[in-house]
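Q: If you're matching positions, the sequence shown starts at 487 in this note's numbering and goes up one per residue. Please read through the structure below; I'll follow up with questions.
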Amino acid sequence: MRMLKLPSLCSAERTVGSGAPNASILPIELLANTSSSTHNAGHMTDQHEPTQPQPVALGASLGAMLGEGLRCAGCRYNLSGLSIRGICPECGLPVQVSILAVVDPHAERLSPLLRPRLIAVSLWLWILGGVVATLLVAWLRLFDVCQTINWLNLSIPPQRSAEIVTIAIGVSGIALFGFARPIKNTRSFHIISTLVGAMLMLCVAFGSWYVLGYLDRRNPEPYISFAQAVRMRSVARLIIAACLVGALVGGRKNLRLLAARSLLFRQGRADRQTIYALVLVVVLAAIGDIMQLISFSLPQRTAEFVWNLGRYVIAFSSVLFVAGVCAVLLDVLLVTRAIVKPPKGLEAYFERTERMAH
């Protein structure tokens, strides 16, 4: 995901009459230096610099955090009563690192979500529908292999598999409508691309039913067999692949915006290119289908070689796709956690300390 640099929320100041920085704001200086190296994605509330609180007061607010039971990010030791510049007595991790783990320096600059819980539920339905459909289709292809080589005595495929896959993909497509406009100032292009992606995902659901519920039941030859019935399957799979690529690319704009809610993504500690990786895998599988289609117009000996090569390409890309979907599931877990319970920023702790003082 592309990310934008954000200016730090606070800067270090020097005390009058001394050449050394004020000790009470050393953690703030660390936070500013760290946050300036991190990047941000998504839309911001405005283009102006936010009102900066006094560094000394911010230092006091961070000190108040240690009085409220801040836990060490490494060993979960209670850091109450320790200095901000100290270290954890259990594992030796600096207290400043634990503060950075719970404070989002740029939380106030992210535009508020319109319906956070609806967006979180939509994200979960989107990925869970994809996971169910992917794993069930992978099981069907494993059934083909076992049926061909008489392994594990698998003679009955999963019941109602076509219907389950169709419903799962349909739910995933409908869920895209839930975060078509996550924030108030979402760009029109992002909204339109997400809506188009949702409709393309519904086309994928229909295409999956056509392949699994119609072609496969009418022509029960396994996918790994060199048969004329596979030709129509390959054509349908190419159309499905094109729709799936469009759905992934269309939904990626808002998915990237939502990923900006997670501090891990903005700091580069989590993968940010999973959607593009899935797109490349789908394109690779489509190349395998094209190779199988070309094989039907070649001489017999050459045709079997090209067809088998395409089969191996499809099998390899299918394994990668399953791994990619599981990776997206982990990413959604991080993003939804940040959406439902966003980390607090420095200004939030500053305001709370001000109220306590009054």
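Yeah, the Cβ is synthetic: ideal placement off N, Cα and C, and Gly gets one too.
#1: Sort out for me which residues DSSP pairs L599 with in a bridge.
#2: Taking DSSP as the reference, what is the three-state secondary structure of N925?
#3: I'd like to know whether the C-beta atoms of V657 and L614 end up nearer to each other than 9 Å.
#4: For R797, count neighbouring Cβ atoms within 10 angstroms of its own Cβ and tell me buried if that reaches 16, exposed if not.
#5: Considering only heavy atoms of the ligand ZN, does any lie closer than 8 Å to the CB of V805?
#6: Between T652 and W695, how many whole angstroms is the CB-CB distance? I'm expecting something under 8 Å.
#7: Could you name the residues of the same chain whose beta carbon sits closer than 6 Å to that of C561, not counting the 5 residues immediately before and after it, in chain order?
#8: In terms of residue numbering, what span does the alpha helix (DSSP H) encompassing R571 cover?
#9: Output the boundary residues of the alpha helix (DSSP H) element that contains L770.
#10: Looking only at C-alpha atoms, which of A813, V697, D702, I678 sits nearest to V735?
#11: Is V767 near G810, with beta carbons less than 9 Å apart?
#12: Is L701 closer than 9 Å to M718 when the C-beta atoms are compared?
#13: Just reading off the alpha helix (DSSP H) that G796 is part of, what are its end residues?
#14: Do you know how far the Cα of A559 is from the Cα of G729?
#15: Is DSSP giving R747 helix, strand or coil here?
#16: Excluding five sequence neighbours on each side, which residues of the same chain lie with their C-beta closer than 6 Å to the C-beta of A587?
#17: State buried or exposed for F675, treating a residue as buried only when at least 16 other CB atoms are found within 10 Å of its CB.
#18: Mind checking V826: buried by the 16 CB within 10 Å criterion, or exposed?
#19: Within the same chain, show all residues whose beta-carbon is closer than 6 Å to that of Y563, passing over the 5 residues directly before and after it, in chain order.
#20: What are the residues that DSSP puts in a beta bridge with R557?
#21: From which residue to which residue does the alpha helix (DSSP H) around L689 run?
#22: Quick check: the Cα distance between K845 and T680, rounded to an integer number of angstroms?
#23: Rounded to a whole number of angstroms, what is the C-alpha to C-alpha distance between F663 and R747?
#24: Measure from the alpha carbon of F665 to the alpha carbon of each residue in G572, L724, A745, then state which is nearest.
#25: Taking the alpha carbon of R723 as the point to measure from, which residue in L784, I800, Y762 has its own alpha carbon closest?
#26: If you count every other CB in all the chains shown that lies within 10 Å of the CB of T788, and 16 or more means buried, which is it?
#27: Are there 16 or more other CB atoms within 10 angstroms of the CB of Q582, so buried, or fewer, so exposed?
#28: One question on the structure: do V814 and L770 come within less than 9 Å of each other, judged by their Cβ atoms?
A: In terms of the structure at hand:
#1: I669
#2: Since the first residue of the chain shown is 487 and the last is 844, residue 925 is not available in this structure.
#3: yes
#4: buried
#5: Questions concerning the ligand ZN fall outside what the structure shown contains, since it holds no ligand whatsoever.
#6: 4 Å
#7: E576, C577
#8: From DSSP, R571 is part of no alpha helix (DSSP H); its letter is neither H nor E.
#9: 760 to 781
#10: I678
#11: yes
#12: yes
#13: 786 to 826
#14: Sequence check: residue 729 is Cys here, not Gly. If I take the Cα positions, the gap works out to 43 Å.
#15: coil
#16: A559
#17: exposed
#18: exposed
#19: C574, E576
#20: N564
#21: The displayed chain sequence assigns Cys, not Leu, to residue 689. Per DSSP, C689 belongs to the alpha helix (DSSP H) from 674 to 695.
#22: Residue 845 falls outside the range modelled here, since the chain spans only 487 to 844, and no answer is possible.
#23: 19 Å
#24: A745
#25: I800
#26: exposed
#27: buried
#28: no
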